[in-house]
Structures are given as structure tokens and as C-alpha cells.
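Visitor:
Residue numbers (full-length UniProt numbering): 1 to 299.
(1) Between residue 188 and residue 236, which are expected to be in contact by the criterion C-beta below 8 Å, what is the C-beta distance as a whole number of angstroms?
(2) Given that a residue counts as buried once 16 or more other Cβ atoms are within 10 Å of its Cβ, and exposed if not, what is residue 224?
(3) Give every residue of the same chain whose Cβ lies closer than 7 Å to the Cβ of residue 212, excluding the five residues on either side of it in the sequence, and list them in chain order.
(4) Quick check: what's the CA-CA separation for residue 178 versus residue 194?
(5) Check the DSSP bridge columns for residue 172 and list the partner residues they point to.
(6) Should residue 139 go down as buried or exposed, given a rule of 16 or more other Cβ atoms within 10 Å for buried?
(7) What's the C-alpha gap between residue 163 and residue 141?
(8) Considering only residues of the same chain and omitting the five flanking positions on each side of residue 240, which have a CB-CB separation below 8 Å?
(9) Taking Cβ to Cβ, would you say residue 204 is nearer than 9 Å to residue 144?
(10) Determine the contact status of residue 256 and residue 289, defining contact as a CB-CB distance below 9 Å.
(11) Any heavy atom of the ligand NAD closer than 8 Å to the CB of residue 104?
(12) Could you check which residue in 107, 92, 101, 106 has the C-alpha nearest to that of residue 116?
(13) What does a CB cutoff of less than 6 Å around residue 208 pick up in its chain, not counting 5 residues either side in sequence?
(14) My output table needs one value for residue 225: the three-state DSSP class, helix, strand or coil.
(15) Output the distance between the C-alpha atoms of residue 157 and residue 284, rounded to the nearest integer angstrom.
(16) What does residue 203 pair with, by DSSP beta-bridge criteria?
(17) Just grab the DSSP bridge partners of residue 197 for me.
(18) Which residues mark the beginning and the end of the alpha helix (DSSP H) in which residue 216 is found?
(19) Taking the alpha-carbon positions, what's the residue 215 to residue 238 distance?
(20) Nearest to residue 259 by alpha carbon, out of 287, 155, 249?
(21) Buried or exposed: which applies to residue 278, given that a residue is buried once 16 or more other Cβ atoms fall within 10 Å of its Cβ?
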């Protein structure tokens with residue numbers, strides 16, 4: 001959930017809030033939300049309050065920004081829109097109405113979700129908390145892929161995190177798997193690499209449309225075998241400022257190479273000390289693919 005309404009981050013600028021709302025990014029979750037209990041709806045496990053509150057606030061925030069822009073467009077058409085100061089108050093009223101509705105309908109868990117968001121809006125309206133130890137943003141790019149071997153009942157996943165010397169990980173899945181499960185394994189390992197490198201802002205790239213739609217909230221996770229992996233990936237992503245971007249397969253060849261190398265050799269590879277390194281010839285092939293991946297320019 002972005003800090004745009006319920007948690008006002010003193011280090012962020014109004015333009016950052018607006019960019020988050022318009023681009024549908026999911027920035028770092030607030031600490032109070034990470035401590036909230038998870039809840040379920042329609043049998044599918046989602047994030048805790050973070051994703052639900054962020055989705056609602058994005059819709060509400062865009063509506064308010066549009067209204068404010070229409071009012072000011074005749075005064076100065078070139079002036080950038082500013083974050084409305086009354087957004088936390090409007091959001092609190094919106095969440096209070098939803099909490100009351102679900103309480104009357106005896107939807108206890110959903111009522112508790114919206115009541116918690118009301119309390120956070122009140123804290124935001126009281127004023128931001130000043131922190132003297134703001135972390136320095138550190139950005140990076142992570143790539144992932146997965147592959148299943150039906151004939152040998154195994155699979156593999158590939159994970160790459162940059163820019164620090166391109167740490168990589170090729171993981172061998174010794175049991176029968178599917179391409180989607182292998183893809184999620186690569187995503188989880190790539191996010192774990194990013195967290196271990198202390199990155200704060202990452203662009204998450206993969207060639208699976210299904211996973212990208214899951215992460216963007218466009219599709220529900222319908223397959224029961226993917227739900228645990230989805231929740232694990234979302235939990236890791238909520239500790240980072242993530243932008244999810246789909247890549248064509250031809251510009252994700254480095255991660256694809258790693259995901260196929262592991263099941264071909266029946267072993268794991270990686271740049272960490274406890275992992276076996278790629279052979280010199282495979283390393284050269286990997287970096288050739290990585291150079292081609294860098295040519296990707298979505299325009």
C-alpha cells in the first residue's frame with residue numbers, strides 16, 4: 001500500500017504519490033500492515049491489509065486527483081497536480097462507511113479490515129512521524145524464469161538480481177512440477193536475492209503473462225497449487241517497492257538459460273559461496289544472453 005494516504009512518509013514528495021497512483025505500482029508496505037493478520041475471501045489467500053487498502057485508495061485517490069485537476073486546469077494547464085491534503089480524511093470516511101456496511105451484514109473479518117484502515121487514516125491525519133534515520137533508496141532489476149521437464153519429472157528455475165555484479169541462482173527442482181510452479185520458484189528466489197542485497201526499489205521482470213497478471217492483481221490465483229507460492233511471493237514483494245513488468249521471451253533469455261541449465265545438469269548453480277559456480281563456457285553464454293536482454297526497450 002503506498003504511503004500516499006494512510007501513512008504519510010516525510011521523505012516522499014507529492015509527485016511520487018501521484019506516480020504511484022497512476023502507474024499502479026505497489027510501493028513498500030507500511031510496517032503496521034505487515035503485522036496485520038492475513039484474511040481470505042472466496043477461498044483464495046491474499047495479502048494482509050496492504051494490497052486491499054492500496055487498491056481501494058488508488059481508486060479513491062485517482063478520483064480526487066481528477067476532480068482537483070479539473071478545477072485547476074483553467075488557472076494553469078501546465079501545473080502538475082498536487083496531492084489533495086484532504087485525501088486521508090476522505091479515505092477515512094470511505095473506509096468507515098465500508099466498515100459499518102460489513103458490520104451490519106455480519107462480515108466480521110472484512111469489517112475488522114476496514115476498521116483498521118480507519119484507525120490508520122486517523123493516525124495520518126494527526127501528522128506524519130518524523131524519522132531521523134531514513135534509508136537511502138537502492139534500485140535494481142530482477143529477472144526470473146522457470147522450466148518443467150515432463151519426461152524426467154523434474155524442473156528448474158532461474159533468478160537474477162542486479163546491478164551488483166549480477167548475482168544469479170539456478171535451482172534444480174527434483175520432483176515433478178509445472179511451468180507455472182517453476183516460474184513462481186524463480187520469482188521467489190529472485191525476490192529473496194533482492195532482499196538479501198538490501199535493494200529497496202526493484203523492477204520485477206518475467207515472461208509469464210499469468211504471473212504478471214497475478215502480481216498486478218488482474219487475475220485471481222485459481223489453481224490451489226499456486227496459492228502458497230503466490231502468498232510467499234507477495235509477502236517478499238511487500239517489503240520492497242516493486243514495479244511488475246512483462247518481458248517478451250526473447251528478452252528474458254538469461255533467466256531462461258539458468259532455469260534450463262539446472263534440470264539439464266541435475267544440480268544448483270549460483271554466485272554465492274555455498275553454491276556451485278557455472279562453468280566458464282556456461283558463464284560466457286549466460287552473459288551473452290544477459291547482454292541481449294539489456295536491448296529490451298518497451299518504449
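Note that the Cβ used here is the ideal one computed from N, Cα and C, for glycine as well.
Guide: Judging by the given coordinates:
(1) Right, their Cβ atoms sit about 7 Å apart.
(2) Label assigned to residue 224: exposed.
(3) Setting aside the 5 residues that flank it on each side, residue 212 is surrounded in the same chain by 206, 244, 246, each with a C-beta closer than 7 Å to its C-beta; the list follows chain order.
(4) Approximately 25 Å between the Cα atoms of the pair.
(5) DSSP output for residue 172 lists 156 as bridge partner(s).
(6) Flag for residue 139 reads exposed.
(7) Counting only the Cα atoms, residue 141 lies some 7 Å from residue 163.
(8) Close CB contacts of residue 240 within its chain, under the 8 Å cut and outside five residues either way in sequence, are with 28, 191, 194, 195, 199, 200, 201, 202 (chain order).
(9) Contact: yes.
(10) In contact: residue 256 and residue 289 (Cβ atoms closer than 9 Å).
(11) The model on display carries no ligand, and the ligand NAD is accordingly not part of it.
(12) Closest option to residue 116, Cα to Cα, is 92.
(13) If we look at residue 208 and ignore the five residues flanking it on each side, its Cβ neighbours are 183.
(14) Here residue 225 sits in helix by DSSP.
(15) A straight-line Cα-Cα distance of about 19 Å links residue 157 and residue 284.
(16) For residue 203, which the question treats as bridged, DSSP gives the partners 141, 243.
(17) By DSSP's assignment, residue 197 forms no beta bridge with any residue.
(18) Its alpha helix (DSSP H) spans residues 209-216.
(19) Roughly 11 Å separates the two Cα atoms.
(20) Among 287, 155, 249, the Cα nearest to that of residue 259 belongs to 155.
(21) It is buried - the Cβ of residue 278 has at least 16 other Cβ atoms within 10 Å.
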